[in-house]
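For the protein sequence lines, the chains are C and Y, in the order given.
Sequential numbering of the first sequence, starting at 0, is according to numbering that gives the first Met the number 0.
Sequential numbering of the second sequence, starting at 0, is according to numbering that gives the first Met the number 0.
The structure appears below as structure tokens.
Number of protein chains: 2
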Amino acid sequence: MAPKTQEQYRHMKDEMREKIFSGALRVFSHRGYAATRISDIAKACGISHGLLYHYFASKDEIFTELVKNATTSSANALLHTASIEAPAIQKIEWITAEILKYIGSDSDSAYYFFLMVQISVSESLPESVMEIMKTASEPNNIMTRIIAEGQQQGDIVEGNVEELSNAYWAAINGLAIFRIAYGDTLAFPDPAVLLRILKKEK
Amino acid sequence: MAPKTQEQYRHMKDEMREKIFSGALRVFSHRGYAATRISDIAKACGISHGLLYHYFASKDEIFTELVKNATTSSANALLHTASIEAPAIQKIEWITAEILKYIGSDSDSAYYFFLMVQISVSESLPESVMEIMKTASEPNNIMTRIIAEGQQQGDIVEGNVEELSNAYWAAINGLAIFRIAYGDTLAFPDPAVLLRILKKEK
DNA sequence: GTCTATAATTTGATAGAC
DNA sequence: GTCTATCAAATTATAGAC
């Protein structure tokens, strides 16, 4: 192997690659993987499609890197929250506020959520993406644990933890999608509205 | 065997078109509009792609008919609920139970929800679909009216009606998507869980 | 009614000019 | 580094055999 040359090769092109990632994320979200043309991404980045192959080997590689970003960063955020020393309900309040803040802003977050939704539904994806999804730690598992914790502490409503978690994540993902579809004209709910799904009234 | 009447032939043609619709709805949902190949639909229906053109003029026509179905049937269901003589909260309880029942079953409902989600996000759609979306009455408008009604009657929590409506619909749509992604292994929440978003505790 | 063969177009990827 | 020209493969839609 020649790790040294590969590393140098990548470092040289990192800046442009970042620019391409950003454009590609939005194009993939709006069109889906298979429907996204390499020329669409190139146009969104203001370069020719030929030049794009100077920075990426293929359409698959761009997509795979994006998915890698999405899975690792979301898993890390959740793991970090889970490790905080606080009552479960506070963990959930904190993460909900964070997620909604980012989804509601102009950042890439909403697009990452929708990217993962598309992947979970899609039946024909590159093998490389399938591999990542298999090894990705599921946010749902972490969330169900926190919910169960909150139930024991008497702050979260009774009921099947997976059903509660699904309802909560469905709302989060749905809002991310609405945000992409309707932009900043969307009336964006307060974290408290979503937390009513889980929180026990006192 | 006796020769078939014209009506029998017409009936056979209608049946085949229904079969193609059903197959196409699932393929479009799993792959998106632009990424769906005519041969994918044909394969899902167990026919050759040449034969498909015997029943439909183009890929666009199949998709457009599906969108037409989705918009009219969902609008009708909501309008019907809105016209019922009952407190607003009961209307919402009824429609939520209905929607979740259908999404959770093996019917086409979940796919129709996701189809509309994809359309709302997608940037490149056939002109014919764009036309339908422009004239389609928005479910959101009907829902916000019912929610406002429920607030006046003291059964629904205070707060911006559009934000509440968005949170509620986000959860509904999110669950439809989860249902497609995970099939009947999904832990499907009770209507009561979703209604906690809107319902005032007493 | 149903299929296979094929035309016309599009698109992912490469090669080579500047 | 960047672009344009081009190849090879895939895809929509049509034509024609059975």
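Just so it is clear, CB atoms sit at the ideal spot from N, CA and C, and this is done for glycine as well.
Values in this document were obtained by computation on a predicted structure and should not be read as measured data.
- Around the beta-carbon of residue 151(C), fewer than 16 other beta-carbon atoms lie within 10 Å, marking it exposed.
- Here the alpha carbon of residue 16(C) sits roughly 21 Å from the alpha carbon of residue 33(C).
- Per the C-alpha coordinates, the member of 198(C), 183(C), 56(C), 29(C) positioned closest to residue 147(C) is 198(C).
- Excluding residues up to 5 positions away in sequence, 28, 175, 176, 179 lie with their Cβ nearer than 7 Å to the Cβ of residue 113(Y) in the same chain.
- Residue 192(Y) has a beta carbon lying within less than 9 Å of a beta carbon in chain C.
- The beta carbon of residue 127(Y) lies closer than 7 Å to those of 59, 63 in the same chain, with the five residues before and after it left out.
- If you compare the alpha carbons of 88(C), 35(C), 56(C), 61(C) with that of residue 18(C), the shortest gap goes to 61(C).
- Not flagged as an interface residue toward chain Y: residue 55(C), since no C-beta distance is shorter than 9 Å.
- Within the region 47 to 122 of chain C, the complete alpha helix (DSSP H) segments of 4 residues or longer fall at 48 to 54, 58 to 82, 87 to 103, 108 to 120, listed in chain order.
- In its chain, beyond the 5 residues on either side, 54 have a beta carbon closer than 7 Å to the beta carbon of residue 12(C).
- With respect to residue 77(C), residue 131(C) sits apart: the two C-beta atoms are not nearer than 9 Å.
- In the three-state reduction of the DSSP assignment, residue 201(C) falls in the coil class.
- Residue 105(Y) places its beta carbon 9 Å or farther from that of residue 24(Y).
- Linking residue 103(C) to residue 183(C) through their CA atoms gives a straight-line distance of about 8 Å.
- For the region 146 to 169 of chain C, the set of residues with a beta-carbon nearer than 9 Å to any beta-carbon of chain Y comprises 156, 158, 159, 160, 161, 162, 163, 164, 165, 166, 167, 168, 169, in chain order.
- Shown here for residue 95(Y): same chain residues with a beta carbon closer than 7 Å to its own, the five before and five after excluded, namely 190, 193, 194 in chain order.
- The beta-carbon of residue 103(C) is placed no less than 9 Å from the nearest beta-carbon of chain Y.
- Neighbours of residue 125(C) across chain Y, judged by C-beta separation under 7 Å, do not exist; the nearest C-beta is about 13 Å away.
- For residue 128(Y), the enclosing alpha helix (DSSP H) starts and ends at 126 to 134.
- Within the DSSP bridge table, the entry for residue 141(Y) names no partner.
- Using a Cβ-Cβ cut-off of 8 Å, residue 116(C) is close to 176, 180 of chain Y, given in chain order.
- Per DSSP, the unbroken alpha helix (DSSP H) holding residue 24(Y) starts and ends at 5 to 30.
- DSSP places residue 161(Y) inside the alpha helix (DSSP H), whose first and last residues are 160 to 181.
- Relative to residue 116(C), the option among 79(C), 66(C), 125(C), 87(C) whose CA is nearest is 66(C).
- By a beta-carbon distance limit of 8 Å, residue 162(C) contacts residue 187(Y). Their separation comes to about 7 Å.
- Separation of residue 118(Y) and residue 31(C) (C-alpha to C-alpha, rounded to the nearest whole angstrom) is 11 Å.
- In the DSSP annotation of this structure, residue 185(Y) is not part of any alpha helix (DSSP H), being labelled neither H nor E.
- Just measuring C-alpha positions, the residue of 92(Y), 36(Y), 20(Y), 71(Y) sitting nearest residue 154(Y) is 92(Y).
- Collapsing the DSSP output to three states places residue 196(C) in coil.
- Shortest Cα-Cα distance from residue 124(Y) to any of 35(Y), 82(Y), 172(Y), 22(Y) involves 35(Y).
- The Cβ neighbour count for residue 75(C), taken over all protein chains shown within 10 Å, is under 16; the residue is labelled exposed.
- For residue 29(C), the chain Y residues whose Cβ falls inside 9 Å of its Cβ are 120, 121, 122, 123, in order along the chain.
- Listed along the chain, the chain C residues whose CB falls inside 8 Å of the CB of residue 138(Y) amount to none; the nearest CB is some 13 Å away.
- In chain C, no part has a C-beta under 7 Å from the C-beta of residue 9(Y); the shortest such distance is about 34 Å.
- Under DSSP, residue 155(Y) forms a beta bridge with 198(Y).
- Annotation: residue 85(Y) to residue 149(Y) spans about 11 Å, alpha carbon to alpha carbon.
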